[in-house]
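A short worksheet on the structure shown next.
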Amino acid sequence: MEKRRKIIITEGWDERVLQAAEKLVNARVLDVILIGDEKKITATVRLLKLNFKYEIVDPSQYNHRRELIDKLVQIRKDKGMTLEKAKQLIHNDIMYFSFMLFHGGLGDGVSGSCIYSTAEFMRPAFQIIGKRDDVNTVSEVGMMVQGKRLFFLSDCSLNIDPSAEEL
860 MEKRRKIIIT
870 EGWDERVLQA
880 AEKLVNARVL
890 DVILIGDEKK
900 ITATVRLLKL
910 NFKYEIVDPS
920 QYNHRRELID
930 KLVQIRKDKG
940 MTLEKAKQLI
950 HNDIMYFSFM
960 LFHGGLGDGV
970 SGSCIYSTAE
980 FMRPAFQIIG
990 KRDDVNTVSE
1000 VGMMVQGKRL
1010 FFLSDCSLNI
1020 DPSAEEL
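Below, the structure written as structure tokens:
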């Protein structure tokens, strides 16, 4: 049996995200790491009476932030990343924090942009993970469940007006 993927969820306190995570975890589709304030996430899970297994990484309590900061400086030094700027991003931007966790191997993927904008989600994705050299156009995909139907939506906000070649 193939190992389930572990997905880092950037907005782990959001009610909709938690309800979706419960369904996916209990259906044995994936495992989750919820990013956010541990007390807030736990209280919301209790309030919604959700029952599923999850990990929480609270950025304010994370013991390895300095390692994330140093690695971010290393990744972005050619683009002018300073220690102070990296510190600010890791301490104050949940997207940069989440993508650095992914970069460090804590999860198999990152899901987000439920509360934050696509730009706020994709900027650290491009800056930390980047794209393959042979790729000219990057696209996104979202999933939507309606009843028993599953829809995949692509390029809803990243590539607003793609050319025929890009499609």
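First residue of the sequence shown? That's 860 in the numbering used here, and the numbers climb one at a time after it. C-beta: ideal position from N, C-alpha, C; glycine also. Since this is a predicted model, take the numbers as computed values, not measurements.
How many angstroms separate the CA atom of residue i from the CA atom of residue j?
i     : j     : result
L907  : E861  : 31 Å
L859  : D929  : Outside the shown range of the chain, which is 860 to 1026, sits residue 859, and nothing can be said about it.
F956  : T941  : 16 Å
F1011 : Q1005 : 11 Å
I894  : R863  : 19 Å
E1024 : N1018 : 12 Å
S970  : Q947  : 22 Å
N951  : V916  : 14 Å
Cutting at 6 Å between CB atoms, please list the residues of its own chain near residue i, excluding the five before and the five after it.
i    : result
E914 : I892
L927 : I949, M959
S972 : F980
P918 : F956
A945 : I928, L931, V932
Residue i bridges to which residues according to DSSP?
i     : result
E897  : Partner(s): none; E897 has no beta bridge.
Q1005 : R1008
G968  : I866
I892  : I867, E914
V1000 : S1013
Identify, in the order they occur along the chain, each residue of the same chain with its Cβ nearer than 8 Å to the Cβ of residue i, setting aside the five sequence neighbours on each side.
i    : result
F985 : V997
R982 : M954
K938 : Q986
R875 : C973
Which whole-angstrom value describes the C-beta separation of residue i and residue j, a residue pair presumed to lie in contact below a C-beta threshold of 8 Å?
i    : j     : result
F980 : M1002 : With 8 Å as the limit, F980 and M1002 do not qualify as a contact, their Cβ atoms being about 15 Å apart.
D873 : I974  : 6 Å
V994 : S1013 : 15 Å between Cβ atoms; not a contact.
V884 : F911  : 4 Å
I868 : A880  : 6 Å
Of all Cβ atoms in chain C, is any one closer than 8 Å to the Cβ of residue i?
i    : result
Q878 : Going by chain labels, chain C is absent from the structure shown, which holds only one protein chain.
Go through its chain and collect everything with a Cβ distance to residue i's Cβ below 7 Å, but skip five positions before and after it.
i     : result
V904  : L877
I934  : I987
L1009 : M1002
Task: Complete beta strand (DSSP E) runs within the stretch 910–994 (minimum length 3 residues, chain order) - done: 914–916, 968–970
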